[in-house]
Amino acid sequence: MLGPSRYVPLVTAPMLITVAVLATTPLWLKQLGLYQYLALEIMIWMLFALGHNLLLGYGGLPSFGHGAYFGIGAYAFGLLQLKAGTGLITGLLGTILISALLGGLVAAFISHRRGIYYALLTIAFGQVFWFVAMKWHSVTGGEDGLLNIKRPDLSLGFADISLRSNEAFFYFCLTVFAVALIALWRLVHSPFGRVLRAIKQNEMRASFVGYNVWLYKWLAFTLSASVAGLAGALFAMAQQSAYPNVMSLHNSGFVVMMVLIGGGLVSFWGPVIGALVFILSRDLLGAYTETWLLWFGLVFIGMVLFQPDGVAGIWQVWCAKRRTPPAAKNTLASLPVVAAKEA
Amino acid sequence: MALFEAKQLHKRFGDQVVLENISLTFEEGQLTGIMGPNGAGKSTCFNVLTGRFRPDRGSVRFAGEDITGLSSREIASKGISRSFQIMNLFNEETALDNVLLSSPAVRKKGFSMLRDLGRNNTARDSAFAVLSRVGLADKADVSAGSLSYGERRALEIGVALAAEPRLLFLDEPTAGLGAEGTARLAQLIAQLKRQLTIVIIEHDMRFLFNLADRISVIHWGQVIAEGTPNELRENPWVQRSNLGALA
Numbered sequence: 001m002l003g004p005s006r007y008v009p010l011v012t013a014p015m016l017i018t019v020a021v022l023a024t025t026p027l028w029l030k031q032l033g034l035y036q037y038l039a040l041e042i043m044i045w046m047l048f049a050l051g052h053n054l055l056l057g058y059g060g061l062p063s064f065g066h067g068a069y070f071g072i073g074a075y076a077f078g079l080l081q082l083k084a085g086t087g088l089i090t091g092l093l094g095t096i097l098i099s100a101l102l103g104g105l106v107a108a109f110i111s112h113r114r115g116i117y118y119a120l121l122t123i124a125f126g127q128v129f130w131f132v133a134m135k136w137h138s139v140t141g142g143e144d145g146l147l148n149i150k151r152p153d154l155s156l157g158f159a160d161i162s163l164r165s166n167e168a169f170f171y172f173c174l175t176v177f178a179v180a181l182i183a184l185w186r187l188v189h190s191p192f193g194r195v196l197r198a199i200k201q202n203e204m205r206a207s208f209v210g211y212n213v214w215l216y217k218w219l220a221f222t223l224s225a226s227v228a229g230l231a232g233a234l235f236a237m238a239q240q241s242a243y244p245n246v247m248s249l250h251n252s253g254f255v256v257m258m259v260l261i262g263g264g265l266v267s268f269w270g271p272v273i274g275a276l277v278f279i280l281s282r283d284l285l286g287a288y289t290e291t292w293l294l295w296f297g298l299v300f301i302g303m304v305l306f307q308p309d310g311v312a313g314i315w316q317v318w319c320a321k322r323r324t325p326p327a328a329k330n331t332l333a334s335l336p337v338v339a340a341k342e343a
Numbered sequence: 344m345a346l347f348e349a350k351q352l353h354k355r356f357g358d359q360v361v362l363e364n365i366s367l368t369f370e371e372g373q374l375t376g377i378m379g380p381n382g383a384g385k386s387t388c389f390n391v392l393t394g395r396f397r398p399d400r401g402s403v404r405f406a407g408e409d410i411t412g413l414s415s416r417e418i419a420s421k422g423i424s425r426s427f428q429i430m431n432l433f434n435e436e437t438a439l440d441n442v443l444l445s446s447p448a449v450r451k452k453g454f455s456m457l458r459d460l461g462r463n464n465t466a467r468d469s470a471f472a473v474l475s476r477v478g479l480a481d482k483a484d485v486s487a488g489s490l491s492y493g494e495r496r497a498l499e500i501g502v503a504l505a506a507e508p509r510l511l512f513l514d515e516p517t518a519g520l521g522a523e524g525t526a527r528l529a530q531l532i533a534q535l536k537r538q539l540t541i542v543i544i545e546h547d548m549r550f551l552f553n554l555a556d557r558i559s560v561i562h563w564g565q566v567i568a569e570g571t572p573n574e575l576r577e578n579p580w581v582q583r584s585n586l587g588a589l590a
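In order, the protein sequence lines correspond to chains W and R.
Counted the way the numbering used here counts, the first sequence spans residues 1 to 343.
Counted the way the numbering used here counts, the second sequence spans residues 344 to 590.
What follows is the structure, given as structure tokens:
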């Protein structure tokens, strides 16, 4: 379902299209009545959701408290900058390390579990981190969070590039996103990714075949938390602050909704589609009604009931019926088309 | 010295004793059959020998090494492989990938995150060889979940074989196979015999008596008879359980 073990190219057409569409947003987004920050936010959520899908889609491991690692990333980046004066790259690397350490710690407690117990433990740990962010005033700033997180200059050795303008920062984030996209694509098609999928399908057989199931689950969670942390760090820079809401149960739920609506269970591209659909709905529906989440929630319920494979799943079924899928055009609308075919 | 030696194994679940003082020895290169009525403890015995359950008492030695109480993963990595009575496959994966995932070459590279599994041609070739061996060469690209019952049984054995074991446990491999399937399976096992040590739980007595070098009969969680097929034909329990009709 998520692709056979044949040779998989490093860079694929949907990847190029996704990055190209995002890269050209400054040219056409305003004409659609939208704003540039929206593209940035969507991209950061895409990254977060892609990392989350490593667990939910590929590992079959329901982490329902994943907002915590997004938040940990935001706080870690802010604290490193405010307390230790780290720059851009050191700050990001430090954030990834801290998210991996905390994610790894939690994973050590939950990796022998699966299903509902796994999900409950992830929620519980997520709440622990949220509580710490709320109550540890002297470090996290409590409910106010960390303010004045800067976007440090990108130092290339011969020149420093300022990321203060939204456009410059957007292109920096796009570069990070593209690298992470390729890395995650590699990862899910690597032997590690394949074993993870096998564990999802049959944990018992995997251990009888000789795989250390616990270690694979631990690694998957740690990696996923690192990606969430990286996304959180970008979010902290985008918002120029970090606050408890970032790691709330809401955000944990949103990322699950994105992955499922997009079709993360059947396609690598599910989280990308899902993040796009979710944030766009929030803005477009949100312009009409404050209760947009109610309507989105109803759509979500309908999806889970009637189309559990999400947008990517609908596309795959449609393609299978048509046999010969139409040639993909370079438009946003055709993105899921190619995505589903390739993934 | 025997390749595999289990001594005085005890296993109880709650207050039900399932294995009581079971001792079994499997000689290198031999095919041992295990038979007995339903609920006699045969499958539990397999599960204890392959690390799914820990024995409450007793010891298990494999190739001179004490493996009592090791996990199924550790036991598997020592060269003991098994098939399951209730099928236990990676259903979304193709037949080829099921076999591939079981191969030691792929298992060793399991933590590699950047390599591409599809490039490992040696592993793919040997996976194909295993598939042809169990008669599934033309089903390589079909997902395990879409295979027919008999094909899935064959793949069960393929997955166990792909691990390149020294000792192979097969739990009721003929269950649900028709006469033709059973005959083909017997042929395969006859080929495998001598190349590796095999232990088979089986209800089909004709199948077992034709293939096995030795047979152990388990009843009430105990070994009640042991010997070559010929010796066992004379055994009163075997006679009574309408096996006499075979001889």
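Glycine included, every Cβ here is placed at the ideal spot set by N, Cα and C.
Any C-beta of chain W sitting closer than 8 Å to the C-beta of residue i?
{"i": "F433 of chain R", "result": "yes"}
{"i": "L457 of chain R", "result": "yes"}
{"i": "E510 of chain R", "result": "It should be noted that the sequence gives Leu, not Glu, for residue 510 of chain R. It does not: the Cβ of L510 of chain R has no partner Cβ on chain W nearer than 8 Å."}
{"i": "G453 of chain R", "result": "yes"}
{"i": "T387 of chain R", "result": "no"}
{"i": "V647 of chain R", "result": "Look at the range of chain R in this structure, 344 to 590, and you will see that residue 647 of chain R is not part of it."}
{"i": "E436 of chain R", "result": "yes"}
{"i": "L474 of chain R", "result": "no"}
{"i": "T393 of chain R", "result": "yes"}
{"i": "R397 of chain R", "result": "no"}
{"i": "L444 of chain R", "result": "yes"}
{"i": "V502 of chain R", "result": "yes"}
Once you ignore the five residues that flank residue i on each side, which residues in its own chain have a CB closer than 7 Å to its CB?
{"i": "T222 of chain W", "result": "A100, G103, G104, A107"}
{"i": "E593 of chain R", "result": "Residue 593 of chain R lies beyond the residue range present for chain R, which begins at 344 and ends at 590; the question has no answer from this structure."}
{"i": "K385 of chain R", "result": "I377, G379, I544, I561"}
{"i": "G286 of chain W", "result": "W292"}
Is the beta carbon of residue j closer than 8 Å to that of residue i?
{"i": "A312 of chain W", "j": "G262 of chain W", "result": "yes"}
{"i": "L40 of chain W", "j": "L88 of chain W", "result": "no"}
{"i": "V566 of chain R", "j": "I423 of chain R", "result": "no"}
{"i": "E545 of chain R", "j": "T571 of chain R", "result": "no"}
{"i": "Y58 of chain W", "j": "V188 of chain W", "result": "yes"}
{"i": "T442 of chain R", "j": "A497 of chain R", "result": "Residue 442 of chain R is actually Val in this sequence, not Thr. No, the pair does not count as a contact, with Cβ atoms beyond the cut-off."}
{"i": "G145 of chain W", "j": "Y243 of chain W", "result": "yes"}
{"i": "R527 of chain R", "j": "G564 of chain R", "result": "no"}
{"i": "S190 of chain W", "j": "S445 of chain R", "result": "no"}
{"i": "G229 of chain W", "j": "I42 of chain W", "result": "no"}
{"i": "G67 of chain W", "j": "G126 of chain W", "result": "yes"}
{"i": "P152 of chain W", "j": "G210 of chain W", "result": "no"}
{"i": "Q373 of chain R", "j": "R576 of chain R", "result": "no"}
Where does residue i fall in DSSP's three states?
{"i": "N431 of chain R", "result": "coil"}
{"i": "G564 of chain R", "result": "coil"}
{"i": "G302 of chain W", "result": "helix"}
{"i": "E545 of chain R", "result": "coil"}
{"i": "L293 of chain W", "result": "helix"}
{"i": "I410 of chain R", "result": "coil"}
{"i": "L156 of chain W", "result": "coil"}
{"i": "L374 of chain W", "result": "Absent from the model: residue 374 of chain W. The displayed extent of chain W is 1 to 343, so no value can be given."}
{"i": "D358 of chain R", "result": "coil"}
{"i": "S424 of chain R", "result": "strand"}
{"i": "M237 of chain W", "result": "helix"}
Contact criterion: CB-CB distance below 8 Å. Does residue i meet it with respect to chain R?
{"i": "P191 of chain W", "result": "yes"}
{"i": "R205 of chain W", "result": "yes"}
{"i": "P14 of chain W", "result": "no"}
{"i": "P4 of chain W", "result": "Unreliable placement is indicated for P4 of chain W, whose pLDDT of 46 sits below 50; the coordinate value is still reported in the next sentence. Chain R contact via Cβ: present."}
{"i": "A198 of chain W", "result": "yes"}
{"i": "Q201 of chain W", "result": "yes"}
{"i": "F221 of chain W", "result": "no"}
{"i": "L187 of chain W", "result": "yes"}
Assuming residue i and residue j form a contact by the criterion Cβ under 8 Å, report the distance between their Cβ atoms to the nearest whole angstrom.
{"i": "A345 of chain R", "j": "E370 of chain R", "result": "5 Å"}
{"i": "G591 of chain R", "j": "G493 of chain R", "result": "No answer is possible for residue 591 of chain R: the residues shown for chain R start at 344 and end at 590."}
{"i": "E499 of chain R", "j": "S420 of chain R", "result": "The Cβ separation is near 20 Å, so there is no contact."}
{"i": "I44 of chain W", "j": "C173 of chain W", "result": "7 Å"}
{"i": "N431 of chain R", "j": "R205 of chain W", "result": "5 Å"}
Grab me the residues of residue i's own chain with a C-beta within less than 6 Å of its C-beta, minus the 5 sequence neighbours each way, in chain order.
{"i": "A483 of chain R", "result": "A438, L439, L474"}
{"i": "L184 of chain W", "result": "L50"}
{"i": "K150 of chain W", "result": "none"}
{"i": "M303 of chain W", "result": "I261"}
{"i": "G65 of chain W", "result": "T122, I123, F125, G126, S252"}
{"i": "Q240 of chain W", "result": "I149"}
Please return the same chain residues whose Cβ sits closer than 8 Å to the Cβ of residue i, not counting the five positions on each side in sequence.
{"i": "W214 of chain W", "result": "S111, H112"}
{"i": "F399 of chain W", "result": "The requested residue 399 of chain W is not part of the displayed model; chain W covers only 1 to 343."}
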